[in-house]
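The structure appears below as structure tokens.
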Amino acid sequence: MSFINNNWWILPLIVTIFSGILCPAMGTVLITHKRLLQVNLISHCVLPGLALAYAFEINPSIGGVVSGLLGSVVAESLTNRKSENYEAVMNTILAGMLGFGVILIPLLGIRIDLETVLFGDLFVANFVDLLETIIAFSVFMLLMAFGYEKVVYVGLDPEGASASGINVSFLNLALSFTTALVIVSSMQAVGVILVIALLSTPTLLGLNKAHSLRIAMIRSSFFGLCISLLGFILSIVFNLSPGPAISVICVASLLIPKLRK
Amino acid sequence: MSLLVAENLTYSYAKNVSPAITKVSLKIEPGTLTALVGPNGAGKSTLLKILQGQCIPDNGQIKIDGEKLIRQRSQVALMPQRSSMNWKFPITVEKLVSLGQIKYSKSKSNSPFQIKALLANPNAWINKCCELEATMQRVGIANIANRRLDSLSGGQQQRALLAKTLMSPAKIYLLDEPCAALDPPAKDDFLKIVRQLADAGLSLMVSSHDWGTSLNSYDQVIVLDKAVLASGSPDSIKDKLEDINISSIEDNDCCD
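Residue numbers (the working numbering), protein chains in the order written: chain A, 1 to 261; chain B, 262 to 517.
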């Protein structure tokens with residue numbers, strides 16, 4: 001323990017490693033299920049929950065997960081992916097929930113460092129942040145261990161999956177819950193806004209020519225880990241903010257496939 | 262006894278909306294290939310979903326082997342339309358086909374029927390129809406088993422989807438517009454395969470909005486436009502169709 005106390009970078013590094021592996025793996029599932037817009041929605045919907053949790057002195061992560069999940073459920077009940085209004089409704093709820101959160105902060109008389117929530121501050125990560133990341137990681141691993149085949153079937157052929165007896169709505173709810181957990185747990189590392197980059201960019205690299213979802217997840221996690229560690233190191237060396245640094249490296253990594261050609 | 266009997270099926274997607282299908286009655290005999298033809302919006306996909314149990318009709322009843330569909334739902338397998346599939350999903354052909362075996366519902370499985378019926382058939386391949394490799398061989402995709410789904414041509418994708426559907430231990434296979442978006446040679450290939458499956462003892466119903474020269478490949482043709490306009494053997498249907506005005510049914514070639 002004294003080693004960790006004397007080396008401030010140990011805990012942030014472990015959180016970076018977990019987030020770097022977890023976010024791209026989750027992102028692979030969401031992108032193959034065409035649910036990335038929902039990630040954006042959930043990431044914006046956590047703010048009202050955080051504000052209320054601070055006001056009622058409960059764990060802000062619990063408030064964030066509940067609020068994110070609630071936003072997702074409300075959006076899905078108002079529209080569906082086949083609807084031509086899907087994107088418009090999702091973006092309206094996204095903006096509305098973010099606005100609601102911003103209104104709540106002064107109304108409830110609480111102080112939240114919005115910059116940290118939105119863009120993260122990895123270097124001040126503590127044991128609670130690490131614990132939250134490990135919990136999100138464990139929930140995701142459980143989902144994959146017991147529901148991998150169902151996740152594959154629903155992503156490939158939702159109607160066929162439903163006909164075979166899979167409860168597609170329940171599985172989508174489980175995915176939304178896990179997504180909310182991953183987003184909130186990554187809040188400290190890259191913030192709820194920049195987490196989109198870590199969820200999507202490594203997936204674009206990992207999905208290329210992958211013959212199964214499992215392989216795509218492993219590849220994406222590898223790329224995510226590399227990007228996160230590089231961002232972490234560059235932030236220390238050049239005294240940068242780690243969340244935005246990781247996001248910029250995500251964008252730069254999109255050039256990798258171009259350079260290969 | 263007919264394998265499937267549907268009587269007076271009526272279904273509306275919402276109240277105060279005209280029904281998608283009205284008083285549809287049909288029969289499917291064992292080991293036959295049935296064409297369900299009609300224009301776009303005729304209710305073909307709706308009817309197939311009702312026959313598979315995904316939609317509950319407002320009126321009418323369906324019996325499989327004399328038992329109500331609700332108890333026999335696993336006996337009906339539906340091959341969905343191309344548009345309902347996520348073809349970009351990272352998965353190999355072999356894995357896709359193997360998904361057809363998965364049944365999470367608790368309804369009665371009929372694997373024993375399938376194996377017994379198929380073993381009785383003299384064709385060697387069909388003795389192993391329930392097995393992955395034999396099914397892929399039969400529909401001509403064994404050589405592309407390890408390829409990713411999105412690297413296949415449209416015809417190969419449809420054959421992979423057919424193989425997945427055949428892996429389901431059902432008595433009746435419903436194929437929803439399997440030839441849509443296929444070029445004529447691919448349509449011909451596909452139709453030959455389903456004909457051979459019917460000759461080998463499987464019962465299949467193929468929907469299409471095309472109307473073509475290969476109508477004779479079918480044992481029975483049902484013309485649907487909200488209601489059944491005509492049904493019977495291909496020859497008898499051709500005579501009846503001269504009296505029926507369905508402008509949307511075009512004289513396209515093959516796989517109808």
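Virtual Cβ for every residue (Gly too), placed ideally from N, Cα, C.
Between Y86 (chain A) and chain B, the shortest Cβ-Cβ separation is not below 7 Å.
Here E84 (chain A) is exposed: its Cβ has fewer than 16 other Cβ atoms, across all protein chains shown, within 10 Å. Under the 8 Å Cβ criterion, the segment 24 to 32 of chain A counts as touching the segment 212 to 229 of chain A, having at least three qualifying pairs.
By DSSP's assignment, Y434 (chain B) forms a beta bridge with B:A338 and B:L465.
Contact check for G191 (chain A) against G243 (chain A) passes: the beta carbons are separated by less than 7 Å. Within the segment 317 to 344 of chain B, contact with chain A at the beta-carbon level (separation under 8 Å) is assigned to L339 and P341.
Here the alpha carbons of L443 (chain B) and R408 (chain B) stand approximately 20 Å from one another. Interface annotation, T32 (chain A): in contact with chain B, CB-CB separation under 7 Å. Bounds of the beta strand (DSSP E) holding N269 (chain B) are L265 to Y272. Residues of the same chain with a CB within less than 6 Å of the CB of T203 (chain A), apart from the 5 flanking positions on each side, are P24, G27, T28, I31 and S220 in chain order.
Within the DSSP secondary-structure output, R81 (chain A) pairs in no beta bridge. Between T179 (chain A) and V39 (chain A), the gap from beta carbon to beta carbon is short of 7 Å.
Counting C-beta pairs closer than 8 Å gives three or more between the segment 153 to 168 of chain A and the segment 338 to 348 of chain B, which meets the contact rule. Nearest CB-CB separation between H44 (chain A) and chain B: not below the 7 Å threshold. For A161 (chain A), the uninterrupted alpha helix (DSSP H) segment begins and ends at P158 to A163.
As DSSP reads the structure, K288 (chain B) sits in a beta bridge with B:V266. R399 (chain B) and R81 (chain A) have their C-alpha atoms roughly 36 Å apart.
Annotation for M340 (chain B): L422, L423, K425, T426, Y434, L435, L436, D437 and P439 place their beta carbon closer than 8 Å to its own, counting only its chain and skipping 5 residues before and after.
The residue among A:E87, A:S186 and A:I227 with its C-alpha nearest the C-alpha of I134 (chain A) is A:S186. Around the CB of E87 (chain A), fewer than 16 other CB atoms lie within 10 Å, so the residue is classed as exposed. No Cβ-Cβ contact shorter than 7 Å links V15 (chain A) with A145 (chain A). Per DSSP, the continuous alpha helix (DSSP H) segment holding K356 (chain B) begins and ends at V354 to L360. Between the segment 352 to 359 of chain B and the segment 311 to 326 of chain B, the count of Cβ pairs shorter than 8 Å is below three; the stretches do not touch. Residues C23, S43, I183 and S186 of the same chain have their beta carbon placed closer than 7 Å to that of V195 (chain A), with the five preceding and five following residues left out of the count. Listed in chain order, the alpha helix (DSSP H) runs fully inside the segment 101 to 166 of chain A are 114 to 119, 127 to 156 and 158 to 163, counting runs of at least 4 residues. Taking a Cβ-Cβ cut-off of 8 Å, the neighbours of S212 (chain A) in chain B comprise P351, I352, T353 and K356, given in sequence order. Less than 7 Å separates the beta-carbon of L225 (chain A) from that of I21 (chain A). Comparing alpha carbon positions, the residue from B:V266, B:P280, B:V278 and B:G292 closest to D480 (chain B) is B:G292. At least one CB atom of chain B sits nearer than 7 Å to the CB of L156 (chain A). Taking a cut-off of 8 Å for Cβ pairs, the segment 318 to 335 of chain B and the segment 262 to 272 of chain B touch, as three or more such pairs fall below it.
Rounded to whole angstroms, the Cβ separation of L312 (chain B) and A267 (chain B) is 7 Å, and the two are in contact under 8 Å. Here Q481 (chain B) carries a strand assignment [DSSP, helix/strand/coil]. Secondary-structure assignment with DSSP links I282 (chain B) through a beta bridge to B:Y272.
Look at I311 (chain B): its C-beta is not under 7 Å from any C-beta on chain A.
Those residues of the segment 240 to 255 of chain A placed with their C-beta closer than 8 Å to a C-beta in chain B do not exist.
With respect to chain B, the C-beta atom of S164 (chain A) has a partner C-beta closer than 7 Å.
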